[in-house]
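In the UniProt record's numbering, the protein residues as written are 1 to 202.
Idealized CB from N, CA, C, for every residue including glycine.
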């Protein structure tokens, strides 16, 4: 592997400082009240230096969201090759629990994302891209289950996948805002049972 130059190392560090400063300020101020000037000041950098990396706060926030979503993608895109309905149920239940737990763990930045979607068209479009990636992965899992005789072939995989993600997304935001009246364990069990009874063969 080619060793990075001093200049490249400095660029990586500067970018990292900007992102950390952005996360701190976004969490403290919220998306709407945060300005790029506040972030640059918090990072202790000059304006000219900062604008080389990010043109505005939307770009900074999208970068933070991309980093945050990597952990969610690891959960959503786990290998799904069950040999039985029971095995499928176990995998799905665990996946839901991990997904909601992660949302709760990252609730501070996720709360900013929820706010940002309502005030920035760019961020809202970004979330739509994220949603579609999850739905595509779920569709793949459903298609596997149908192809292998575990799930009903009568149902439209893409349609069911969309409905399944929307159900999880609703409870995800409730976990983020603290509005959920149920435990994550209870949610994962109930959602999985509903999903399995509607899609899978007994």
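Below 9 Å between beta carbons: does that hold for residue 20 and residue 43?
Residue numbering aside, residue 20 sits at position 20 when the chain shown is read from its first letter. Residue numbering aside, residue 43 sits at position 43 when the chain shown is read from its first letter. Their beta carbons are under 9 Å apart, which means residue 20 touches residue 43 by this criterion.
Going by DSSP, which residues form a beta bridge with residue 151?
In the chain shown, the residue the question calls residue 151 occupies position 151. Beta-bridge pairing by DSSP links residue 151 to 200.
Here's the rule I'm using: 16 or more other beta-carbon atoms within 10 Å means buried, otherwise exposed. How should residue 183 be labelled?
Against the chain shown, residue 183 aligns to sequence position 183. Its Cβ having fewer than 16 others within 10 Å, residue 183 is exposed.
With C-beta atoms as the reference, is residue 22 less than 9 Å away from residue 60?
Looking up residue 22 in the chain shown gives position 22. Looking up residue 60 in the chain shown gives position 60. It is a contact, given that the beta carbons lie within the stated cut-off.
Thinking C-alpha only, which one of 83, 3 and 54 is nearest residue 16?
Within the chain shown, residue 16 is the residue found at index 16, counting from 1. The option with the nearest alpha carbon to residue 16 is 54.
Give me the Cα-Cα distance between residue 98 and residue 167, rounded to the nearest whole angstrom.
Your numbering for residue 98 matches position 98 in the chain shown. Your numbering for residue 167 matches position 167 in the chain shown. Looking at the two C-alpha atoms, the distance is approximately 15 Å.
Residue 102 and residue 71 closer than 9 Å at C-beta:
Along the chain shown, one-based indexing puts residue 102 at 102. Along the chain shown, one-based indexing puts residue 71 at 71. Going by C-beta atoms, residue 102 is nearer than 9 Å to residue 71.
Classification of residue 6 by the beta-carbon crowding that lies within 10 angstroms, buried from 16 upward
Counted from its first residue, the chain shown places residue 6 at position 6. That one is exposed.
What number of angstroms, rounded off, separates the C-alpha of residue 116 from the C-alpha of residue 149?
Residue 116 sits at position 116 when you count from the first residue of the chain shown. Residue 149 sits at position 149 when you count from the first residue of the chain shown. The straight-line gap from Cα to Cα measures roughly 42 Å.
Whole angstroms is fine: what's the gap from residue 76's alpha carbon to residue 26's?
On the chain shown, position 76 is the one that residue 76 refers to. On the chain shown, position 26 is the one that residue 26 refers to. Near 26 Å, if we compare the C-alpha coordinates of residue 26 and residue 76.
Within 10 Å of its beta-carbon, does residue 196 have 16 or more other beta-carbons around it, so buried, or fewer, so exposed?
Residue 196 sits at position 196 when you count from the first residue of the chain shown. Answer is buried; the Cβ neighbour count reaches 16.
On a CA-only basis, which of 106, 82 and 120 is nearest residue 33? Give me that one, please.
In the chain shown, counting from the first residue as 1, residue 33 sits at position 33. The shortest Cα separation from residue 33 among 106, 82 and 120 belongs to 120.
Indicate whether the contact test is met: 3 or more Cβ pairs, each with one atom in the region 154-163 and one in the region 80-95, closer than 8 Å.
They do not touch, by the three-pair rule.
Is residue 123 near residue 165, with beta carbons less than 9 Å apart?
In the chain shown, counting from the first residue as 1, residue 123 sits at position 123. In the chain shown, counting from the first residue as 1, residue 165 sits at position 165. No, the Cβ-Cβ distance between residue 123 and residue 165 is not below 9 Å.
Nearest by alpha-carbon distance to residue 161: which of 144, 174 and 176 is it?
Taking the first residue of the chain shown as 1, we reach residue 161 at position 161. For the options 144, 174 and 176, the alpha carbon positioned closest to that of residue 161 is the one of 144.
Out of curiosity, what's the CA-to-CA distance linking residue 194 and residue 201?
Residue numbering aside, residue 194 sits at position 194 when the chain shown is read from its first letter. Residue numbering aside, residue 201 sits at position 201 when the chain shown is read from its first letter. Each residue's alpha carbon lies about 13 Å from the other.
Comparing alpha-carbon positions, which option in 28, 14 and 62 lies nearest residue 40?
Walking along the chain shown from the start, residue 40 turns up at place 40. Answer by Cα proximity: 14.
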